[in-house]
Amino acid sequence: MFRTIVMVAIALIGSNCATTFDAGKNVSKQAPHISKDTPLETALQAGIDYGGDTARDVRKLISKRKQWPLAEKMLYQAVQDGIIKYENNQLINAVMLYIAGPVTPQEALFNQLVSSGRPLARQLAWQMASALPGKVMRSAMEREMNRAVMDGDEDDILIPAMAAAAQANRMTSAYSLVRRGLMTKNFEDFAQAMAALNPEQATTDFLEYLSMCPPEELRQLTVSSINIFAANVALNHMLKFPPSVSNANIDVLFSYAISRNPGLSDLASTIVENISQKNTGAMALALSRMPVWSQVAFIEGSRRSMTPGKRLFLGELKRVSAEADVVDELGDIKL
189 MFRTIVMVAI
199 ALIGSNCATT
209 FDAGKNVSKQ
219 APHISKDTPL
229 ETALQAGIDY
239 GGDTARDVRK
249 LISKRKQWPL
259 AEKMLYQAVQ
269 DGIIKYENNQ
279 LINAVMLYIA
289 GPVTPQEALF
299 NQLVSSGRPL
309 ARQLAWQMAS
319 ALPGKVMRSA
329 MEREMNRAVM
339 DGDEDDILIP
349 AMAAAAQANR
359 MTSAYSLVRR
369 GLMTKNFEDF
379 AQAMAALNPE
389 QATTDFLEYL
399 SMCPPEELRQ
409 LTVSSINIFA
419 ANVALNHMLK
429 FPPSVSNANI
439 DVLFSYAISR
449 NPGLSDLAST
459 IVENISQKNT
469 GAMALALSRM
479 PVWSQVAFIE
489 GSRRSMTPGK
499 RLFLGELKRV
509 SAEADVVDEL
519 GDIKL
């Protein structure tokens with residue numbers, strides 16, 4: 189599964205790249221035909237130059253001839269050399285061909301890619317780690333993460349590909365870095381990795397992340413403080429791993445429940461209702477401490493889709509709220 193995802197990601201990265209081989213040597217626009225008689229070296233070079241259907245035909249040819257051990261050695265060398273001499277699409281295609289076969293994960297190749305001054309090569313290192321998970325890659329990743337932290341280079345590794353690699357390798361020790369990635373970079377890949385690596389801690393951290401978005405942004409559909417897709421990952425996660433009612437950020441769920449974004453609102457409302465079933469008083473008290481307009485908006489939203497659970501919750505809110513406007517708003521609801 190991860191290998192397929194990585195291949196798609198690599199293809200997307202290279203979709204707009206040039207197709208020139210070494211300096212001064214132009215690659216024909218017409219991809220060569222890969223036949224049963226095509227020499228392995230020629231086939232591999234064609235796969236590197238053209239990718240796509242050509243690379244697919246090359247993989248089939250290698251498998252049919254049972255030449256993956258030799259192809260692995262040749263592709264390993266091609267990736268090494270390509271860090272410096274290949275155009276972007278060629279380097280991507282070389283790595284894609286390499287990880288497509290039954291290859292043995294090589295820490296040295298990961299290190300060469302990730303330590304390169306070439307951003308694409310560093311990203312491909314993490315994607316390789318995603319495609320070839322296991323003890324070797326976990327060890328290589330851990331060393332690179334420790335180095336980045338020690339050298340103060342965390343920004344170099346806080347990329348979505350790193351988060352995906354940590355998730356693919358079940359690298360729970362990377363959780364704190366992945367969390368930092370979500371809080372500072374805002375990509376949903378970090379949220380997905382957090383949910384997989386430490387589900388219970390992720391719930392707590394997701395509430396903190398969601399609280400970074402002011403309620404006004406949620407009401408005005410001008411969300412810019414957080415990533416909407418990451419917020420969806422967080423809220424969906426909390427359907428399975430609900431937060432504790434004692435969490436200091438529990439009230440943020442009400443802000444999302446009254447959001448004008450239907451996707452966020454529906455998810456948050458369901459989470460609130462689920463938690464309220466066992467903690468009606470505590471949740472009603474949390475809402476009663478919010479601004480009047482927030483309480484009224486929640487009441488209005490509940491009125492449009494009333495359930496027995498919501499009715500019970502609103503009854504408790506009426507009992508604990510100190511705001512006359514809120515009590516009046518609840519006055520015409522049969523509780």
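If you're matching positions, the sequence shown starts at 189 in this note's numbering and goes up one per residue. Positions of the beta carbon are idealized from the N, C-alpha and C atoms, including for glycine. From a predicted model like this one, the values you see are computed outputs, not experimental measurements.
Item, Value
"Residue closest to M284, alpha-carbon to alpha-carbon, out of K273, P307, L320", "L320"
"Outcome for G235 when other beta-carbon atoms lying within 10 angstroms are tallied against a minimum of 16", "buried"
"A328 to M400 span [Cα, whole Å]", "33 Å"
"Within 8 Å, strictly: CB atoms of M350 and R326", "no"
"Residue-chain proximity (E511, chain D), Cβ-Cβ < 8 Å", "The displayed structure is made up of one protein chain only, and chain D is not part of it."
"Alpha carbon of G497 to alpha carbon of P479, nearest angstrom", "23 Å"
"Burial state of R247 (16 or more Cβ within 10 Å)", "buried"
"Span separating the alpha-carbon of S303 from that of N415", "29 Å"
"Helix, strand or coil at K498 [DSSP, three-state]", "helix"
"Among S432, W481, P402, nearest to E388 - alpha-carbon criterion", "S432"
"Any 3 or more C-beta pairs closer than 8 Å across the stretch 307-316 and the stretch 275-289", "yes"
"Within the stretch 361-440, ranges of the alpha helix (DSSP H) (whole runs, at least 4 residues)", "363-373, 376-385, 387-398, 403-408, 416-428"
"Classification of N334 by the beta-carbon crowding that lies within 10 angstroms, buried from 16 upward", "exposed"
"Residue environment, I345, which counts as buried when at least 16 other CB atoms sit within 10 Å", "buried"
"Euclidean distance between Cα positions of T208 and K273", "Confidence is the limiting factor: at T208 the pLDDT is only 32, short of 50, which leaves the residue's position unreliable and the question unanswerable from this model."
"Nearest residue (CA-CA) to D341, options V460, I463, L365", "L365"
"For L427 and T458, the rounded distance between their alpha carbons", "8 Å"
"Nearest candidate by alpha-carbon position, reference V484, set P430, L398, E517, A354", "E517"
"Inter-stretch contact at 8 Å, needing at least 3 Cβ pairs: the stretch 225-232 / the stretch 247-259", "yes"
"Simplified DSSP assignment, three categories, for V291", "coil"
"Nearest-angstrom Cα separation, counted from R310 out to E332", "11 Å"
"Enclosing alpha helix (DSSP H) for P227 [first to last residue]", "Unbroken run through P227: none, as it is neither H nor E."
"Whole-Å CB distance - M471 paired with F429, under 8 Å assumed", "Contact flag wrong, Cβ pair sits at about 17 Å."
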